[in-house]
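First to last, the protein sequences are chains D, U and G. Counting in our numbering, the first sequence runs from 1 upward without gaps. Counting in our numbering, the second sequence runs from 698 upward without gaps. Counting in our numbering, the third sequence runs from 858 upward without gaps. Ideal Cβ positions, reconstructed from N, Cα and C, are used throughout, including at glycine. Following: one structure in structure tokens, then a few remarks.
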Amino acid sequence: MSEIVTFTLNGQEIKAPKGDLLIEVAKRAGIEIPAFCYYEGFSLQAACRMCLVEVEKMPKLQPGCTLPVGEGMVVHTESPKVVESRKSMLEFLLTNHPLDCPVCDKGGECELQDMTFRYGAGESRFTEIKYHENEKQWSPAVYYDPARCILCYRCVRVCDEGLGVGALGLTYRGVHAEITPSHGDHLQCDECGWCIDVCPVGALTSGTYRYKSRPWEMDHVGTICTHCSNGCKTTLSVRNGEIIRANNRDRSGINGEFLCVKGRFGFDFVHHPERLQSPLIRRDGQLVEASWKEALETVAAKFAEVRARGGKFGVIGSNRTTNEENYFLQKFARQGLGTASIDHHRTGDVPTLLDALSGKTGALATIGDLYTAKAALVIGSDLAQQHPLIAYQLRANFRHHQMPLYTVTRGPVREDQYSKRALRAEPGAEMEAVETLREDLAKHESLTIVFGDSVKGDALRRLVAFGDSLGTKVQYLCLVDYSNSRGAMDMGLLPELGPGYHAAESAGMNLDQMLDDASLDALWVVGANPLERRGLASEAAFVVVQELFLTETAQRADVVFPAASAYEKSGTVTNTCGEVQRLKAGPRIMGTKPDLEIMGLLAKEMGLNLGIWTNDKVFEEIRRTVRGYNVALPVVATGGAAPTMPVNGRVLAPASAELIRSDGDTLFTSGSLGRYSKMLSSVMEAPGRLYEEKPAK
Amino acid sequence: MTFSPELEARFEKMIGLYPPGRQKGALIPMLLYAQDETGRITDELIEEVSKRLSVNKVEVEEVLGYYTMLHREPRGRHHLQICTNVSCMLVGGEELWHHACHKLGIGNKQTTADGQFSLEEVECIGACSWAPAMIDNYDFHLRVTPESFDALIESLRQKQ
Amino acid sequence: MLFNEPHPLEVKVLTKRFEYPQKDPIWIDEFLAKEGYAAFRKALEMPPDDIIGEVKKSALRGRGGAGFPTGLKWGFVDRSSPKPKYIVVNADEGEPGTCKDRVLMENDPHMLIEGCLIAGRAINANRGWIYIRGEYRYLIDILDRAIQQAYERGYLGENVQGSGWTFHLSTHTGAGSYECGEESALLESLEGKRGNPRLKPPFPATSGAFQCPTIVNNVETYCAVPSIILNGGEWYAGLGTPKNGGTRMVCLSGHLNRPGVYEVPLGYNLKQLIEEFGGGVWKGRRLKAVIPGGSSSPILTADEIDIPADYDSLAKAGSMLGSGATMVLDETTDMVKLAHRVMKFYAHESCGWCIPCREGTAWLEKMLRRLDEGIGVARDIDMVGQLSHSMLGRTFCALGDAAAMPTISIVEKFRHEFEAKLAAAQSFAPEPETQPLVVL
């Protein structure tokens, strides 16, 4: 506990830890000290001079953003001198700032407008000609208008300090000073767009949003990003049924403000012209549009027929559908169709991890834990490319707490910039390298191990044994690919394991076996594209697909149901750390239905009683039956993340590890979904060429 | 991109003058000396320097815009920098500047058609007690008058 | 190349080895023959605390402009720090009116090297850089040669003079920036970055070059050190006035009969300086004003200059000793034009980091230009003062103050000139408050 000092702020006696910054202490006391350049969590600039306050016995006004509070200090934030100073700063700022507020993208949410309104003079004495510089496009995602820029350096800092990209800099000087992108006239970066979000004015604008709307004309829906498994909260801004912006300015959720290119710009697949908006039925070899009634009847009849004659079913679930949908799907398959052949594309060996950790508590790391971890080891993943939030959390931990990081990866990764030791090892051979770090790792109070898909089966057991042998507290994080890859496993989309990793009564075929079985009678694919990688051996199989687009798998289907994407439905998803979060529906796309509804209608059509198929009811059942999912409802309902530990005993009949393979998506790919995001595919870094040319620091 | 052997030798020595891992310290000297040889800062040069010092290109861009002696535009063989700051202004610096513009038929940061001369109005060059002063590339000329300026131009032309 | 005829009244400490007319610059043999490196050899035998103690006793104050006591600055360095310690020489000489450091470096480069060696010894540093402004390329060549000689004679490098101590020294060129004369901006520049000043604290003594303890001093400050060590701090202090020890280089420029660089004791009367050394105002004209310490210092009128020229007396007179640049203005000087020219300089050199300096200098420059060109309006005169006050004390570094202070003083002391210019212009400018007429 640090020393507490007492000082006076606007006549009020305040106690605060010695050395805390005045601007923060004042904020806690409910006193606003305005600032542009101060940005919590990032380095101090003291450049905007808006936060100047009067401190008794100090001859000059002092910047509140860099002033540590001290015993007996007497501070005034609203004295005539301070008020006058703020007025001057705003007057200075507005001299060369184009007063084009009526057409500026930031209008209505501009910090300069707000500040001028609250602290400004209301009148300008500036009658000279403004210095002007034209707007530039830096990338499909980012535009920069130097004339509007007030040089608060927020963008430079989030890019450099926050992400380790360092794509933005400052060039020229004096009144000509402006922000410059990484490659002279254009950007080559993560294209995450965080710079746009933090821009207090309309200097940095987004390629997807600019000149489309005013902030108050949109509905803002907080949901979970559907791309990778990190589970960032993203707030979709919807106008007239169209998503036109995504960000997370309210800093709610596990990611605070952080989002990568996928979370911020990768929503445009929702409105892609190739979205399926009507069921399709194969007639004379061609898929043609049909009514929902006809499609449901066709599928119900066929499923009933196959079940009646004891035919072979194969059911493939999704990495992106909700927990409720996954749970309902396996229940449908196991109880309704009487098959144990249910699987999904597995991307991480969670069952083995849970088995190896049996009997331990608190051994699974959450996203929040990554920021407070005392040390971390990353094995077999290019985090900055594949798991951006995790990369961000670890970097923030290093930045704020100097956390030691170790990496064992196949090639150079961005984390090498600050890792204490960076080792190279081929996938599958990482454990040898990890062993050499034993002495270093054992030194730390505790350790968090983050590992990718190459650490599975026996290697994973060795890793846990290694962790045990360090004699310190060790937490693990098994990386998986997509927004609900973890939930798919937890909900029992595995041939050997039911919900909560209970051994299934009988084991059915796994995904590869289904596709390779020439006598398969019916294949039901919900939100997956297995035929992208592997052919379907059975020519006679009746294939039903629930999809957003006519993927390779959908093209082989006999019936296709147009499904709603995660951004168009409610439910819950579980991120790679096992944290459950809630989806909230943003726009609706005409003609589509959420997968749960499609399955429910199908069950009804087949006359099956699988329980009520609303999200709430299914989630209630999950909470009752899946261990660890009896999470506190208020946490989930209010947009929080509830950590789960779905099993704490042996996992019997563990799923075989050979089938586990990550897609290895980069920042600019997202399985078959990424293809339909124009933004992801139009940036020049796609599909992830960025780091080939980056010099190692 | 390669430089003359002398410059290569200078660079090699220069990089060693900064603490290990902090070779970025050599960035500005390297750019300036390279520019003296190549005439201006080119994209190729930026690429080369960023590679040699392991810095991002944006870090090079940052300093290019900041330092007035670094320039991307080509300049004349003789870059004439005339000071008009206070000490020079008091004793005829501005008159000298206008005379030079008139004489060469060019303005600030412009180059004569034959590529011989370029002009720049510069801030204090530290020759205040011997004002008005000017610099031809790196050579100082002191107590310059319009007449001595003309003579200088003539002699520089003759040298070609 | 650059040295004027010495003046008989000079007190020659820094310039004791200078010759006029110049021969080849003094090289190491001649330097050694004239007590060169003797102070350093003496310092080698002294404990570091004694070296710093001697410098403290000398009342030597930074000659770059701020006048901070040098011994105190050296004492702030934690010699026991495990980090390397560094010596940095500020040879970025950019304050308008200043041309003294070049004279020292050109005529006695080894004196600077010796000063660095003693400073290095005092804080237990093993490396130093001389940061020289890019325009002084020929001086870099001179210093490089001198450094080379010092290496050859064992005054630099490993095991200096058999002491077991290592000290490396090299030059580092700037590339055109006034702001890099500010010590933290200079350190940024040394690290290969823009010359944006740093947040203080930490001060360079704690975290300077490459985030290690560093002392940054002006060329002239280092050059004074060998004489102090050789003759004792008290002797040096005795040359000047209390708390203002020694001699200093003064650069006389402007409307004088004999402009030049002269060495005078601290506290020498400013008026006499102009009369005796400068030979009085040229062309038989009368004196109007004096800028006593570079263009950043507030201006003094002709009847304000009968004062001792030291740090404290000038501060008392509302100005500053600054870098020793004394610019003399005769009765014909157009003060509006002067104010504009000064502001034009600061607007050009503002790094752009903080709002008040970036926007304030640009705005003032435009306004002063209008006033100078005769298209000002009445309120401009007050506004120049108001805007300068809005910058004063509120900018990130001292550049904003440096722009504001002289401007405020010029407007205050010569307001009638602004008004006269305005009145003359208004006779043919009927509607001055319409569109601004200046296109930049």
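First and last residue of the uninterrupted beta strand (DSSP E) at residue i
{"i": "Trp986(G)", "result": "984–989"}
{"i": "Gly932(G)", "result": "Segment 927–932 is the alpha helix (DSSP H) holding Gly932(G); no beta strand (DSSP E) there."}
{"i": "Met645(D)", "result": "Where Met645(D) is concerned, there is no enclosing beta strand (DSSP E), given that its DSSP letter is neither H nor E."}
{"i": "Trp194(D)", "result": "Segment 194–198 is the alpha helix (DSSP H) holding Trp194(D); no beta strand (DSSP E) there."}
{"i": "Asp219(D)", "result": "219–224"}
Alpha-carbon to alpha-carbon, residue j and residue i
{"i": "Val69(D)", "j": "Phe7(D)", "result": "8 angstroms"}
{"i": "Phe328(D)", "j": "Lys456(D)", "result": "28 angstroms"}
{"i": "Tyr38(D)", "j": "Glu161(D)", "result": "14 angstroms"}
{"i": "Phe542(D)", "j": "Arg556(D)", "result": "9 angstroms"}
{"i": "Arg920(G)", "j": "Met1224(G)", "result": "33 angstroms"}
{"i": "Ser815(U)", "j": "Leu761(U)", "result": "19 angstroms"}
{"i": "Val270(D)", "j": "Ala564(D)", "result": "9 angstroms"}
{"i": "Trp884(G)", "j": "Arg719(U)", "result": "33 angstroms"}
{"i": "Arg1143(G)", "j": "Glu1133(G)", "result": "15 angstroms"}
{"i": "Leu170(D)", "j": "Ser2(D)", "result": "37 angstroms"}
{"i": "Leu1256(G)", "j": "Phe1024(G)", "result": "34 angstroms"}
{"i": "Ser506(D)", "j": "Glu496(D)", "result": "7 angstroms"}
{"i": "Gly701(D)", "j": "Ser677(D)", "result": "Since the displayed chain D opens at 1 and closes at 697, residue 701(D) lies outside it and no answer follows."}
{"i": "Thr735(U)", "j": "Phe265(D)", "result": "43 angstroms"}
{"i": "Gly1141(G)", "j": "Pro1116(G)", "result": "15 angstroms"}
{"i": "Val544(D)", "j": "Asp517(D)", "result": "17 angstroms"}
Beta-carbon proximity list for residue i, same chain, < 6 angstroms, skipping 5 on both sides
{"i": "Pro201(D)", "result": "Before going further, note that residue 201(D) is Val rather than Pro in the sequence given. Cβ neighbours of Val201(D) beyond the five flanking positions: Lys106, Cys110, Leu112, Arg148, Ile150."}
{"i": "Trp1210(G)", "result": "Asn1053, Phe1253"}
{"i": "Leu168(D)", "result": "Cys155, Val156, Cys159, Ile179"}
{"i": "Ser662(D)", "result": "Thr347, Asp453, Asp481"}
{"i": "Val82(D)", "result": "Val53, Glu54"}
{"i": "Lys130(D)", "result": "Asn96"}
Same chain only: Cβ atoms within 7 angstroms of residue i, ignoring 5 sequence neighbours per side
{"i": "Val841(U)", "result": "Leu793, Pro829, Ala830, Met831"}
{"i": "Tyr1168(G)", "result": "Arg918, Gly924, Asn1101, Leu1178"}
{"i": "Glu430(D)", "result": "Ile379, Gly380, Val408, Ser454, Val455"}
{"i": "Gly591(D)", "result": "Gln277, Ser278, Pro562"}
{"i": "Ala696(D)", "result": "No answer about Ala696(D) holds up, because its pLDDT of 39 lies below 50 and its placement is not dependable."}
{"i": "Lys302(D)", "result": "Ala522, Phe542"}
Other residues of its chain near residue i: CB distance less than 8 angstroms, five sequence neighbours each side excluded
{"i": "Thr116(D)", "result": "Leu90, Leu94"}
{"i": "Asn947(G)", "result": "Gly921, Tyr988, Gly1038, Glu1040, Leu1043, Val1073, Asn1074, Asn1075, Val1076"}
{"i": "Leu857(G)", "result": "Lying before the first or after the last residue shown, residue 857(G) is absent from chain G, which here runs from 858 to 1297."}
{"i": "Gly649(D)", "result": "Ser358, Gly359"}
{"i": "Gln698(D)", "result": "Summary: the structure shown does not reach residue 698(D), with chain D confined to residues 1 through 697, and so no result is reported for it."}
{"i": "Ala528(D)", "result": "Ile316, Gly317, Ser318, Asn319, His344, His345, Thr553"}
Range of the contiguous alpha helix (DSSP H) that encloses residue i
{"i": "Pro351(D)", "result": "350–356"}
{"i": "His502(D)", "result": "No alpha helix (DSSP H) holds His502(D); DSSP gives it neither H nor E."}
Checklist entry - Of the residues that make up the region 1012–1045 of chain G, which ones have a beta carbon closer than 7 angstroms to any beta carbon in chain D? => result Flagged: no residues at all.
Next on the checklist: Please give me, in chain order, every unbroken run of the alpha helix (DSSP H) with length at least 4 that falls completely inside the region 1075–1153 of chain G.
Outcome noted: Listed in chain order, they are 1076–1088, 1090–1096.
Checklist entry - What are the complete alpha helix (DSSP H) segments, minimum 4 residues, inside the region 122–182 of chain D? => result Runs of the alpha helix (DSSP H) inside the region 122–182 of chain D: 154–157.
Checklist entry - For the region 437–481 of chain D, which segments carrying the beta strand (DSSP E) assignment without a break, of at least 3 residues, lie completely within its bounds, in sequence order? => result Unbroken beta strand (DSSP E) runs of no fewer than 3 residues, entirely contained in the region 437–481 of chain D, are found at 446–451, 473–478, following chain order.
Checklist entry - In the region 705–755 of chain U, which residue ranges form an unbroken alpha helix (DSSP H) of at least 4 residues, counting only runs that do not cross its ends? => result Restricted to the region 705–755 of chain U, the alpha helix (DSSP H) segments that are unbroken, complete and at least 4 residues in length are 724–735, 740–750, listed in chain order.
Item to check | Every unbroken alpha helix (DSSP H) inside the region 601–688 of chain D [4 residues or more] | outcome: Listed in chain order, the alpha helix (DSSP H) elements of length 4 or more contained wholly in the region 601–688 of chain D are 615–625, 633–637, 678–682.
Item to check | Uninterrupted alpha helix (DSSP H) stretches inside the region 935–981 of chain G (no shorter than 4 residues) | outcome: The alpha helix (DSSP H) runs lying completely inside the region 935–981 of chain G and spanning 4 residues or more are 958–964, 966–980, given in chain order.
Next on the checklist: Can you pull out the residues from the region 751–774 of chain U whose beta carbon lies closer than 8 angstroms to at least one beta carbon of chain D?
Outcome noted: Answer in chain order: Ser751, Val752, Asn753, Lys754, Val755, Glu756, Glu758, Glu759, Leu761, Gly762, Tyr763.
Checklist entry - Quick one: complete alpha helix (DSSP H) runs, 4+ long, within the region 1170–1234 of chain G? => result Counting whole runs of 4 or more residues, the region 1170–1234 of chain G contains the alpha helix (DSSP H) stretches 1192–1206, 1212–1230.
Next on the checklist: Counting only Cβ-Cβ distances shorter than 9 angstroms, please list the residues of the region 800–826 of chain U near chain G, keeping chain order.
Outcome noted: Of all residues in the region 800–826 of chain U, only Val819, Glu820, Cys821, Ile822, Gly823, Ala824, Cys825, Ser826 place a beta-carbon less than 9 angstroms from a beta-carbon of chain G.
Item to check | the region 1198–1222 of chain G: positions lying closer than 8 angstroms to chain D by Cβ | outcome: Result list: Ala1204, His1205, Glu1206, Ser1207, Cys1208, Gly1209, Trp1210, Cys1211, Ile1212, Pro1213, Arg1215, Glu1216, Gly1217, Thr1218, Ala1219, Trp1220.
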